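Everything on this sheet refers to the single structure shown next.
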């Protein structure tokens, strides 16, 4: 499939592994995999210089399906692993990914503090408002009256978590929402998120056709945000107050300095540190 | 009357400056060529609470307390009675206190020790800017025979930044205290220092652990504060920066352990330090480090448990969680320093082993090692470094991260190595790292992860073995100090006994221990745990020869040499 | 998700058109291959084979576009900067298709493919009708012919299958627990 072209050095296929996904046919995560690999190809980052970290859940299976350096950790801890990688190897492109349960429930504390810490990395959450891998329980983003779970047969009765609001309040430097069904538009969002310095958060509405078949209708519900992105957190917050949850596009681009400690040695060896102990 | 070892406690309420006095005494002793050891005790208040600095000065290396204290000097008596159990004294002891320092505590009086007054407040008033704690320092220095030069030298250096007036006032206070001591009842004076060829170090166990970490090559640390492990992290923060390394304060222990897994996966040797409650939170991810074969080191400075327990007091009761806390079959390293100075060696060794064997290492220190300060002979760098087996050359075919080698250790690529991309996984996996629930993959990977620990040559460092005879004391960690001292007395009284202090708690070394115990008829197990965790561990993994007795009790009171000596003497 | 003005074709040169044609075919191949893999993973062999065959056909189209492109230097276009009428390239079967399901029948697969091919035809037809440039209109007509042949083929295939009865996607077993 070679043609004379001015294409970048990599194609999306170069970022995919030989491992075949186990996701259900129709699952939005297939498209997200496509978007991520397209974004990386567009950015022309050599696969060996990308680290993709995830926790546990259907969407967290994603790293194994790529040809970059992956880490499939424990439930809820993708962000701390990603933080460790980026802070110790700042030259790498670091992406964390996972689902709404992994990121907003068990990993909720890390989500807040990753926004706050503002390490230069991108966090992609495939949000389907359900725990798929454990057979369909309500997640933090599930509507309070969803009664299809055996665990909460009367619905949770609890208001859903609003990830974009939390991200903004906690200090994320780039905030966007996309829809998995728009693979190319999502690739653009991810490309921009990776390019933007600091902590970039991308919420991707990614339907679960098995436990939330009604989410197939999301394709008709999403719409481009009516207004341009802002760098003013107050304006971004006001927009989120009237958000119907289906606005897609970049919401907020901040300019906060990313967290990256200096790594410049000031002594020649460990022996120089021992002087403080000598009496 | 001279002695080879003298023990002193400074006590007083908030603002009295007993810790400062203790630190200065320790430094002065070190400069005079004596060895010194100091632990601290305090009330639960952050500031203003009662506090005690418990000191032992000795002509030979000392890193644990004696049976009792020779001198208790109280700058005031506010709540000092609360420390009574921690300050055992005999009728030979000397209690010094200010008659204007509040009500003399009954518990202290009950010890039956000799008492004498020092009017600290009154004396301090007579010196412009005079400080009661400096008078106390001078008095103790005078009593035990510390040279004035050594004490004044430390005072001058410590107060260099406080200005001329403060320095002069403190010097005058020390001299006044020394002069006053001449009229006090006698107490043992320390024998002349044995000439030291090198200058001693003043260091805590937690600082030593930090030093061992950077000597081993640690360059990334994630930190979440917890007593009594925090000082490991606080020492590392500025010192890692000087070495071009990084310390990140994490949002919780779940984050700190996963941050170090991330940094280590990226190729940078990584460590965190914590204490029991933090270790409990970290155990799930310790399993991740084991399964994904990502080297990490966790220094766990034990405190009294369970739950929040007794944060400021020592206990050896995290042994079970360190050994068995991980779910699944998760072989990993557990290494225990057995003295304050050994915190440096054991931590460095653990870092080296973790990276060599691509697994998780837990260093089981404790509060009594970590938060104690001692003057010690400078510990030499034993040369252990975090060095990983890495793939070489161009990747020819698809990289098998978890290839099943004879040694069990597989070459580990790091991000940036072209053609070696793989996904590290906590899910069971095949040699490529691809998730697999196949029985063959599970058993092959379990075998490999066990084998790499089992076949490694740990050399002589797995235990400290001393002495001979048909009676052996088997111990670990901080109780090794009082055991050593008890054995010295036992030998001095004509007994013969050996010490086996196990440093490599996991993996177990049954053949080596059997050799170390050859010919032994009686084994005394000593540990500081209510549930006899070490004894049960030994019973589970080793064949112990002859008859076995276990001496175990919980914290917060330290195990003292005479308790162990009595066990030995009574069993003979 | 920038959509071009419907009055503008957005295609401004032969090379630009060839880049679109190539992307469209390559994406179709990759999508069919992915769907074939998905069906294999989910033990739907019949539909997997069908998707595999569709991928093979699209590969021939890729070869065809490559042949035509010889001697041309195609511009690089970011995935989101193509002048498709919809967010996705027209010939890729839709990931949001109703029939996309692990129990899907050949009827669904061929329907999906037919829709995709018809979108491909529409894309070229629009260029033929609207482009201001003769060379673009000519090339678009040529490329459209291949797609039209494919549509005819798929219509013939589809006529051999009946729409599956209602309840075709009912599974007596609950979803499998994973972890």
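Chains as they are written, first to last, in the numbering used here: chain A, 959 to 1237; chain B, 2 to 573; chain C, 533 to 711.
Each residue gets a CB set at the ideal place from its N, CA and C atoms; glycine is no exception.
Since this is a predicted model, take the numbers as computed values, not measurements.
- Message: Let me confirm a value: residue 430 of chain B is counted as buried when at least 16 other C-beta atoms fall within 10 Å, else exposed. Which label applies?
- Response: The residue labelled residue 430 of chain B in the question sits at position 429 within the second chain. Buried.
- Continuous beta strand (DSSP E) stretch holding residue 301 of chain B: start and end: Here residue 301 of chain B refers to the residue found at position 300 when the second chain is read from its first residue. Its beta strand (DSSP E) spans residues 297-303.
- Task: Confirm, please, whether the CB-CB distance from residue 337 of chain B to residue 504 of chain B is below 8 Å.
- Result: If you number the second chain from 1, residue 504 of chain B lands on position 503. If you number the second chain from 1, residue 337 of chain B lands on position 336. Yes, the pair counts as a contact, with Cβ atoms nearer than the cut-off.
- Task: State buried or exposed for residue 1116 of chain A, treating a residue as buried only when at least 16 other CB atoms are found within 10 Å of its CB.
- Result: Locating residue 1116 of chain A in the first chain gives position 158, counting from the first residue. Counting Cβ neighbours within 10 Å, residue 1116 of chain A comes out exposed, since fewer than 16 surround it.
- Item | Contacts of residue 1025 of chain A in chain B (Cβ-Cβ under 8 Å) | Within the first chain, numbered from 1, the residue matching residue 1025 of chain A stands at position 67. Simply 422.
- Query: If you count every other CB in all the chains shown that lies within 10 Å of the CB of residue 1199 of chain A, and 16 or more means buried, which is it?
  - Reply: For the purposes of this step, residue 1199 of chain A is identified with residue 241 of the first chain, where counting begins at 1. By the neighbour-count rule (16 or more Cβ atoms within 10 Å), residue 1199 of chain A is not buried but exposed.
- Apply the 10 Å Cβ neighbour rule to residue 534 of chain C and answer buried if 16 or more other Cβ atoms are within range, or exposed otherwise. Sequence index remark: in the third chain, residue 534 of chain C carries index 2 (1-based). Only weak support exists for where residue 534 of chain C lies, its pLDDT of 45 falling under 50; the value from the coordinates is given anyway. Its Cβ having fewer than 16 others within 10 Å, residue 534 of chain C is exposed.
- With a threshold of 16 other CB atoms inside 10 Å of the CB of residue 55 of chain B, please say whether the residue is buried or exposed. Looking up residue 55 of chain B in the second chain gives position 54. When all chains shown are included, residue 55 of chain B counts as buried.
- Message: In the DSSP output, which residue or residues are listed as bridge partners for residue 1205 of chain A?
- Response: Start at 1 with the first residue of the first chain, and residue 1205 of chain A comes out as number 247. According to DSSP, which records beta bridges pairwise, residue 1205 of chain A is partnered with A:1181.
- Item | Nearest candidate by alpha-carbon position, reference residue 1210 of chain A, set A:1171, A:1157, A:1232 | As a working note, residue 1210 of chain A is residue 252 in the first chain. For the residues A:1171, A:1157, A:1232, the minimum Cα distance to residue 1210 of chain A belongs to A:1157.
- Closer than 8 Å at the beta carbon, the chain B residues around residue 1231 of chain A: As a first step, residue 1231 of chain A is located in the first chain; it is residue number 273 there, counting from the start. Correct list: 212, 215, 240, 243, 244.
- For residue 947 of chain A versus residue 1107 of chain A, is the C-beta spacing smaller than 8 Å? Nothing can be reported for residue 947 of chain A: it is not among the residues displayed for chain A, which extend from 959 to 1237.
- Do the region 1217-1236 of chain A and the region 212-223 of chain B touch if we need at least three Cβ pairs shorter than 8 Å? yes
- Query: Can you find a C-beta in chain A that's less than 8 Å from the C-beta of residue 403 of chain B?
  - Reply: Numbered from 1 along the second chain, position 402 holds the residue referred to as residue 403 of chain B. Chain A contact via Cβ: absent.
- Query: Does DSSP classify residue 314 of chain B as helix, strand or coil?
  - Reply: To locate residue 314 of chain B, count along the second chain from 1; it is residue 313. Three-state DSSP puts residue 314 of chain B in coil, outside helix and strand.
- Task: In the DSSP assignment, find the unbroken alpha helix (DSSP H) run with residue 482 of chain B in it and report its ends.
- Result: Here the question's residue 482 of chain B lines up with position 481 in the second chain. 481-493 is the span of the alpha helix (DSSP H), which, as asked, contains residue 482 of chain B.
- Message: Need the endpoints of the beta strand (DSSP E) that residue 273 of chain B sits in, please.
- Response: Here residue 273 of chain B refers to the residue found at position 272 when the second chain is read from its first residue. Looking at the DSSP string, the run of the beta strand (DSSP E) that includes residue 273 of chain B is 271-275.
- Item | Beta-carbon proximity check, residue 1132 of chain A vs residue 1203 of chain A, cutoff 8 Å | Numbered from its first residue, the first chain carries residue 1132 of chain A at position 174. Numbered from its first residue, the first chain carries residue 1203 of chain A at position 245. No. Outside cutoff.
- Query: Checking contacts by CB at 8 Å: is residue 683 of chain C closer than that to chain A?
  - Reply: As a first step, residue 683 of chain C is located in the third chain; it is residue number 151 there, counting from the start. No, no contact with chain A.
- Using a Cβ-Cβ cut-off of 8 Å, state whether residue 1235 of chain A counts as contacting chain B. As a working mapping, residue 1235 of chain A is identified with position 277 in the first chain. Yes, residue 1235 of chain A counts as interfacial toward chain B.
- Do residue 400 of chain B and residue 378 of chain B have their C-beta atoms closer together than 8 Å? Reading the second chain from its first residue, position 399 is the one you call residue 400 of chain B. Reading the second chain from its first residue, position 377 is the one you call residue 378 of chain B. No, the Cβ-Cβ distance between residue 400 of chain B and residue 378 of chain B is not below 8 Å.
- Message: Among the candidates B:355, B:281, B:349, whose CA atom is the shortest distance from the CA of residue 327 of chain B?
- Response: Working through the second chain from its first residue, we reach residue 327 of chain B at position 326. If we check each option's Cα against that of residue 327 of chain B, B:281 comes out closest.
- Between residue 396 of chain B and residue 434 of chain B, which are expected to be in contact by the criterion C-beta below 8 Å, what is the C-beta distance as a whole number of angstroms? As a position in the second chain, residue 396 of chain B is number 395, starting the count at 1. As a position in the second chain, residue 434 of chain B is number 433, starting the count at 1. Rounded, the Cβ-Cβ distance is 14 Å, inconsistent with contact.
- Do we get a CB-CB distance below 8 Å when we pair residue 1065 of chain A with the residues of chain C? Position 107 of the first chain holds residue 1065 of chain A. No - not a single Cβ of chain C is within 8 Å of the one on residue 1065 of chain A.
- Mapping DSSP to helix, strand and coil, what is residue 202 of chain B? Against the second chain, residue 202 of chain B aligns to sequence position 201. Residue 202 of chain B: strand per DSSP, three-state reduction.
- Task: Write down the C-beta distance between residue 465 of chain B and residue 500 of chain B rounded to the nearest angstrom, noting that I regard them as a contact closer than 8 Å.
- Result: If you number the second chain from 1, residue 465 of chain B lands on position 464. If you number the second chain from 1, residue 500 of chain B lands on position 499. So it is a contact: roughly 7 Å between Cβ atoms.
- Query: Whose CA, out of B:116, B:85, B:485, lies closest to the CA of residue 339 of chain B?
  - Reply: Residue mapping note: residue 339 of chain B aligns to position 338 of the second chain, counting from 1. Out of B:116, B:85, B:485, B:485 has the C-alpha closest to the C-alpha of residue 339 of chain B.
- For residue 151 of chain B, collect the residues of the same chain with a Cβ closer than 6 Å to its Cβ; drop the 5 residues on either side in sequence, then sort them by chain order. Within the second chain, the letter at position 150 stands for residue 151 of chain B. Excluding sequence neighbours, residue 151 of chain B sits near 29, 32, 33.
- Quick one: list the residues of chain B neighbouring residue 1222 of chain A, beta-carbon separation under 9 Å, in chain order. For the purposes of this step, residue 1222 of chain A is taken as residue 264 along the first chain, with counting starting at 1. Under the 9 Å cutoff, chain B gives 242, 245.
- Query: Taking all protein chains shown into account, do 16 or more other C-beta atoms lie within 10 angstroms of the C-beta of residue 2 of chain B, making it buried, or fewer, making it exposed?
  - Reply: For the purposes of this step, residue 2 of chain B is taken as residue 1 along the second chain, with counting starting at 1. Exposed, because fewer than 16 other Cβ atoms sit within 10 Å of the Cβ of residue 2 of chain B.
- Query: Counting only beta-carbon atoms, is residue 1161 of chain A nearer than 8 Å to chain C?
  - Reply: Counted from its first residue, the first chain places residue 1161 of chain A at position 203. Not one chain C Cβ lies under 8 Å of residue 1161 of chain A.
- Between residue 1028 of chain A and residue 1010 of chain A, is the Cβ-Cβ spacing less than 8 Å? Residue numbering aside, residue 1028 of chain A sits at position 70 when the first chain is read from its first letter. Residue numbering aside, residue 1010 of chain A sits at position 52 when the first chain is read from its first letter. For residue 1028 of chain A and residue 1010 of chain A, yes; Cβs fall inside 8 Å.
- Query: Between the C-alpha atoms of residue 572 of chain B and residue 553 of chain B, what's the straight-line distance to the nearest angstrom?
  - Reply: Position 571 of the second chain, counted from the start, is the residue given in the question as residue 572 of chain B. Position 552 of the second chain, counted from the start, is the residue given in the question as residue 553 of chain B. If I take the Cα positions, the gap works out to 16 Å.
- Query: What runs of the beta strand (DSSP E), each 3 residues or longer, lie entirely inside the region 300-385 of chain B?
  - Reply: Look at the region 300-385 of chain B and you find these whole runs of beta strand (DSSP E), each 3 residues long or longer: 334-336, 361-367, 374-377.
- Task: State yes or no: is the beta carbon of residue 979 of chain A nearer than 8 Å to at least one beta carbon in chain B?
- Result: Sequence index remark: in the first chain, residue 979 of chain A carries index 21 (1-based). No, residue 979 of chain A lies away from the interface with chain B (no Cβ there is under 8 Å from its Cβ).
- Query: Which word fits residue 698 of chain C, buried or exposed, when buried means at least 16 other C-beta atoms lie within 10 angstroms of its C-beta?
  - Reply: Position 166 of the third chain, counted from the start, is the residue given in the question as residue 698 of chain C. Exposed: under 16 other Cβ atoms inside 10 Å.
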